[in-house]
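S.K.: Once you've had a glance at the structure underneath, I'll fire off some questions.
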Amino acid sequence: MPYNVTILNTGCRFQVNDGETLLQAALRQEVPVPWGCGGGVCGVCMAQIVSGEVRYPDGEPLALFEEDAAAGRLLPCVSLPCSDLVLNVPEMGKDWEPWR
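So the sequence shown is numbered by UniProt numbering: it starts at 1 and just counts up by one.
What follows is the structure, given as structure tokens:
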């Protein structure tokens with residue numbers, strides 16, 4: 001079942017298919033989210049969950065510390081949605097303009 005993701009303060013919305021990470025879905029739909037390694041190691045893509053839930057099929061990623069997870073942060077590069085999501089991506093704040 002696909003889930004819908006909304007990025008707060010940007011107007012960006014995209015759909016995530018079964019087995020697809022948030023990053024894979026965003027890039028497939030040309031949503032220019034920040035990312036680095038794509039494997040949960042660098043933390044460049046870290047975002048805040050406003051609503052919804054995700055899971056990490058391979059366990060907690062290295063760049064997501066306990067404090068981050070407890071504060072509701074996630075790494076889109078390795079997370080799979082369990083529901084529709086609303087995310088706050090600081091690099092895509094209220095003054096963000098799409099590059100395309």
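All C-beta atoms in this analysis are idealised placements derived from N, C-alpha and C, irrespective of residue type, glycine included.
(1) Relative to the C-alpha of Glu-20, which candidate in Tyr-56, Asp-68 and Cys-45 has its C-alpha closest?
(2) Just to confirm the assignment, what range does the beta strand (DSSP E) spanning Leu-87 have?
(3) Cα separation between Cys-77 and Ser-83?
(4) In three-state DSSP terms, what is Ala-71?
(5) At the level of alpha carbons, what is the spacing between Val-86 and Met-92?
M.R.: This is what the structure gives:
(1) Of the listed residues, the one whose Cα sits closest to Glu-20 is Tyr-56.
(2) Element bounds for Leu-87: 85-88.
(3) 17 Å
(4) coil
(5) For Val-86 and Met-92, the distance between alpha carbons rounds to 13 Å.
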